[in-house]
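Note sheet for the following structure.
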Amino acid sequence: MVKKILKRMWLNNNRAPDIRLQAERPISISAFSLISLTLCLAPCVLSADPVQDQINIRHYYQQKFPHLKLQDYADGVYAIDMIARQSWLAIEEFPPYEPAIEQGKLLYETPFKNGNHYADCFPGQGIGIANEYPKWDGANGEVISLARAVNDCRAGNQEMPLTYQDIKMVSILAYLAFTSRGKAINIVIPENDQRALAAYEQGKQYYYQRRGRLNFACATCHVQNAGKHIRSELLSPLLGHTSGWPTYRLKWGEIGTLHRRFSECLEQIKAQPLPDQSAEYRNLEYFLSFISNGIPLTGPSTRK
Amino acid sequence: MPGNRRKFIKQTLALTACSAAAVSGLTVSRQAAAGLAIVKPAASLLEATLKELFHGEVITATEKIVIQIPKIAENGAVVPITITSSLSHVSTVFILVEKNPLPLSAKFTLSPELEPFLSARLKMAETSDVIVIAKTNEGLYSGRETVKVTIGGCGG
Amino acid sequence: MSSIKIRTKRIDGKIQIRTLISHPMEHGRNRNKETNELIPAHFIKLLTVSHNDKVIVTADLSASISKDPYFAFLLKDGNAGDKITISWIDNLGKEDSETHVVK
Numbered sequence: 001m002v003k004k005i006l007k008r009m010w011l012n013n014n015r016a017p018d019i020r021l022q023a024e025r026p027i028s029i030s031a032f033s034l035i036s037l038t039l040c041l042a043p044c045v046l047s048a049d050p051v052q053d054q055i056n057i058r059h060y061y062q063q064k065f066p067h068l069k070l071q072d073y074a075d076g077v078y079a080i081d082m083i084a085r086q087s088w089l090a091i092e093e094f095p096p097y098e099p100a101i102e103q104g105k106l107l108y109e110t111p112f113k114n115g116n117h118y119a120d121c122f123p124g125q126g127i128g129i130a131n132e133y134p135k136w137d138g139a140n141g142e143v144i145s146l147a148r149a150v151n152d153c154r155a156g157n158q159e160m161p162l163t164y165q166d167i168k169m170v171s172i173l174a175y176l177a178f179t180s181r182g183k184a185i186n187i188v189i190p191e192n193d194q195r196a197l198a199a200y201e202q203g204k205q206y207y208y209q210r211r212g213r214l215n216f217a218c219a220t221c222h223v224q225n226a227g228k229h230i231r232s233e234l235l236s237p238l239l240g241h242t243s244g245w246p247t248y249r250l251k252w253g254e255i256g257t258l259h260r261r262f263s264e265c266l267e268q269i270k271a272q273p274l275p276d277q278s279a280e281y282r283n284l285e286y287f288l289s290f291i292s293n294g295i296p297l298t299g300p301s302t303r304k
Numbered sequence: 305m306p307g308n309r310r311k312f313i314k315q316t317l318a319l320t321a322c323s324a325a326a327v328s329g330l331t332v333s334r335q336a337a338a339g340l341a342i343v344k345p346a347a348s349l350l351e352a353t354l355k356e357l358f359h360g361e362v363i364t365a366t367e368k369i370v371i372q373i374p375k376i377a378e379n380g381a382v383v384p385i386t387i388t389s390s391l392s393h394v395s396t397v398f399i400l401v402e403k404n405p406l407p408l409s410a411k412f413t414l415s416p417e418l419e420p421f422l423s424a425r426l427k428m429a430e431t432s433d434v435i436v437i438a439k440t441n442e443g444l445y446s447g448r449e450t451v452k453v454t455i456g457g458c459g460g
Numbered sequence: 461m462s463s464i465k466i467r468t469k470r471i472d473g474k475i476q477i478r479t480l481i482s483h484p485m486e487h488g489r490n491r492n493k494e495t496n497e498l499i500p501a502h503f504i505k506l507l508t509v510s511h512n513d514k515v516i517v518t519a520d521l522s523a524s525i526s527k528d529p530y531f532a533f534l535l536k537d538g539n540a541g542d543k544i545t546i547s548w549i550d551n552l553g554k555e556d557s558e559t560h561v562v563k
């Protein structure tokens, strides 16, 4: 019933051709933007310029939550759910992800079999740089997340890659995030490489694309309905979504990654999840992180 | 003719029912009377637990036990609780979650070196009262708070 | 690495003791999502806290305590250099212990 209502609403709002069909063929950015403008979920926040997207999205949320400052969005749903916030703060006093940070530090500082260290692969020894990921890799023409960078480092030192949900990987990410805690998210889309912009746009398209049996886009919940309830859940805004990772989810009873959460969200809307660190997820992370530029990184964090 | 047949079946059934009623009439009434007799309801799991722990000793509700706990728990798996009390000589603190399969969550025996203060994180199966019982040298005292445990929607 | 993390803070001559313990605290009614087999009960049954080798807290716990349990206590009196020892033993007979010196 709800699905029928939503579908009717969508059809009433959008007379342009179904973007899903369009997306199967490579499309130019300007054509995409035109399609996006006609297909966007109200209000229109999409443009052809990432900086303009940032401005539009910030403006949108400012109207929705006039009392929130940009840095407040780092707290996610706890910036808008004051009862849940108390419980969250009580847990953050001595949070359950602390052992992961400690373990991560130990793993990060342990040399590879060849005597090299993770620190050799990263600028600044890898300390205080997590807020700059994901990055555009011009040489290979792809978005590199921090997790991918960790495995690339291992590969470069003849070590087997870690699976992306391995506690060792997640612990290293927890430690690296911790060393960047408080630093503003700072994602760069290099102007001299159109492929970087294309990757950003692909991430954005994925975010606004309806999918799954519930026919929701990520934006349906986190843009259009941010701050509203879906059953007993208060929907958190897109702004600041990448700030608190990796996250100890009480539901998981353990610490996990952003890509794990992407897959879980997709399963919840009855859509097909993708593999961790797939190109789509990395591009999605690129888009989400860029939009959250300026918001402090708060990972690792606890969430429900 | 269908009408007559229907009527006939109806009448037959009615007759049978009546006969059955007549035969068992007296028996049914006696049984019914017995069923209406007041039967003591089974003790709740919480009551049974309290009986086992305190053997009927009086537990006095008091405002001197302060329970800090969220009114709505985001996730019943981790519900932070902080207990403080202005009662003196608290030697033991019991934490019970009424609707949990096993209501007794924890029992803390505290030496006199400790303030009546403690924090923990509880699992709660469903919306329930959380009861804290403090044993002092003057007897048993209790505090109680209701916590709503929400079932998640999309994020749940 | 120890499963027990201890933090202490001196507040007006009192010592706040906080501890976070890594432990599954399984009640035994959960099922493995893939195999559907019951995950056996595995939870801390007894927790003790000592101050300078004198037991100050004995906690009888059940699996109704959250996974990766956290506890906090408040000592009326204490000094820098005091030792706080926290130990646990679970239903499978496993145990761990950790000592922390108050700063």
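The listed protein sequences derive, respectively, from chains F, H and E. First residue of the first sequence: 1, per this note's numbering; consecutive thereafter. First residue of the second sequence: 305, per this note's numbering; consecutive thereafter. First residue of the third sequence: 461, per this note's numbering; consecutive thereafter. Even for Gly, the Cβ is constructed at its ideal location relative to N, Cα and C.
Which residues of chain F have a Cβ atom closer than 8 Å to the Cβ of residue i, listed in chain order?
i, result
"ASN379(H)", "LEU250, LYS251 and LYS304"
Does any residue of chain H have a CB that is nearer than 8 Å to the CB of residue i?
i, result
"PRO43(F)", "Here PRO43(F) scores only 44 on pLDDT, less than 50, and its place in the model is too uncertain to base an answer on."
"THR518(E)", "yes"
"SER301(F)", "no"
"HIS560(E)", "no"
"HIS511(E)", "yes"
Checking contacts by CB at 8 Å: is residue i closer than that to chain F?
i, result
"LEU480(E)", "yes"
"ILE491(E)", "The sequence as given places Arg at residue 491(E); Ile does not occur at that position. Answer no: the Cβ-Cβ gap between ARG491(E) and chain F never drops below 8 Å."
"GLN335(H)", "Any reading at GLN335(H) needs caution, since the residue's pLDDT is 47, under 50, leaving its predicted position unreliable; the model's value is listed next. GLN335(H) does not count as touching chain F."
"ALA324(H)", "Because ALA324(H) sits at a pLDDT of 48, beneath the cut-off of 50, its placement in the model cannot be relied upon, and the following sentence gives the value as read from the coordinates. Not one chain F Cβ lies under 8 Å of ALA324(H)."
"ARG467(E)", "yes"
State the start and end residues of the unbroken alpha helix (DSSP H) segment that holds residue i.
i, result
"PHE178(F)", "167-179"
"SER423(H)", "No alpha helix (DSSP H) contains SER423(H), which is instead part of the beta strand (DSSP E) from 418-426."
"VAL362(H)", "Counting along the chain, VAL362(H) falls outside any alpha helix (DSSP H), and DSSP gives it neither H nor E."
"VAL150(F)", "146-156"
"ILE544(E)", "Unbroken run through ILE544(E) is the beta strand (DSSP E), 543-550; no alpha helix (DSSP H)."
"ALA198(F)", "194-208"
Hey, out of the options, whose CA is closest to residue i's CA?
i, options, result
"LYS527(E)", "SER446(H), GLY447(H), THR450(H) and MET428(H)", "MET428(H)"
"HIS560(E)", "ASN539(E), ASN551(E) and ASP550(E)", "ASN539(E)"
"THR242(F)", "LYS64(F), ARG210(F), ASN186(F) and PRO273(F)", "ASN186(F)"
"SER171(F)", "GLU109(F), ASN56(F), ALA226(F) and ILE55(F)", "GLU109(F)"
"LEU534(E)", "SER423(H), SER432(H) and TYR445(H)", "SER423(H)"
"VAL397(H)", "LEU426(H), GLU449(H), ILE373(H) and TYR445(H)", "TYR445(H)"
What span of residues does the beta strand (DSSP E) with residue i cover, start to end?
i, result
"TRP88(F)", "TRP88(F) -> not in any beta strand (DSSP E); alpha helix (DSSP H) instead, spanning 82-92."
"GLY473(E)", "Note, GLY473(E): premise wrong, no beta strand (DSSP E); not H, not E."
"VAL370(H)", "369-372"
"LYS305(F)", "Any question about residue 305(F) goes unanswered here, given that chain F covers just 1 to 304."
"LEU107(F)", "First-last for LEU107(F): 98-109, but that is the alpha helix (DSSP H), not the beta strand (DSSP E)."
"TYR445(H)", "443-453"
"SER526(E)", "Premise fails: SER526(E) is in no beta strand (DSSP E) and is neither H nor E."
Looking at residue j and residue i, is the spacing between their C-beta atoms short of 8 Å?
i, j, result
"HIS363(H)", "LEU391(H)", "For clarity, residue 363(H) is Ile in the given sequence; the question names His instead. No. Outside cutoff."
"ALA100(F)", "ALA174(F)", "yes"
"LYS469(E)", "GLN476(E)", "yes"
"SER180(F)", "ILE255(F)", "no"
"SER389(H)", "PRO420(H)", "yes"
"VAL453(H)", "ILE385(H)", "no"
"PHE94(F)", "LEU480(E)", "yes"
"ARG491(E)", "ILE499(E)", "yes"
"ILE501(E)", "HIS487(E)", "It is Ala, not Ile, that sits at residue 501(E) in the sequence shown. Yes, Cβ-Cβ distance for ALA501(E) and HIS487(E) is below 8 Å."
"LEU414(H)", "SER395(H)", "yes"
"ASP193(F)", "GLY138(F)", "yes"
Can you name the residues of chain E whose CB is closer than 9 Å to the CB of residue i?
i, result
"GLU501(H)", "Residue 501(H) lies beyond the stretch modelled for chain H, which goes from 305 to 460, so this question has no answer here."
"GLU92(F)", "Going along chain E, no residue has its Cβ under 9 Å from GLU92(F), so there is no contact; the nearest lies around 11 Å."
"PRO99(F)", "MET461, SER463, LYS465, LEU480, SER482 and ASP528"
Should residue i be flagged as near chain E, meaning a C-beta pair shorter than 8 Å?
i, result
"GLN103(F)", "yes"
"PRO96(F)", "yes"
"PHE412(H)", "yes"
"SER328(H)", "Any answer about SER328(H) is weak, because its pLDDT of 43 lies below 50 and its placement is not dependable; what the coordinates show is given next. Not one chain E Cβ lies under 8 Å of SER328(H)."
"LEU406(H)", "yes"
"VAL401(H)", "yes"
"SER415(H)", "yes"
"LEU422(H)", "yes"
Who are the neighbours of residue i on chain F, taking C-beta pairs under 7 Å?
i, result
"VAL382(H)", "ILE91 and LEU250"
List, in order along the chain, the chain H residues whose C-beta lies closer than 7 Å to that of residue i?
i, result
"ILE83(F)", "PRO374, LYS375 and ILE376"
"SER526(E)", "ALA381, VAL382, ARG425, LEU426 and LYS427"
Taking Cβ-Cβ distances shorter than 8 Å, what residues in chain H pair up with residue i?
i, result
"GLN86(F)", "PRO374"
Just to make sure I have the definition right: I need the residues of chain E whose C-beta is within less than 7 Å of the C-beta of residue i. Which are they?
i, result
"SER409(H)", "SER522, SER524 and ILE525"
"LEU349(H)", "Simply none; closest approach about 13 Å."
Going along chain E in order, which residues have a C-beta closer than 8 Å to the C-beta of residue i?
i, result
"LEU354(H)", "None at all; the shortest Cβ gap to chain E is about 15 Å."
Please confirm if residue i has its CB atom under 8 Å from at least one CB of chain C.
i, result
"SER171(F)", "Among the protein chains of the structure shown, namely F, H and E, there is no chain C."
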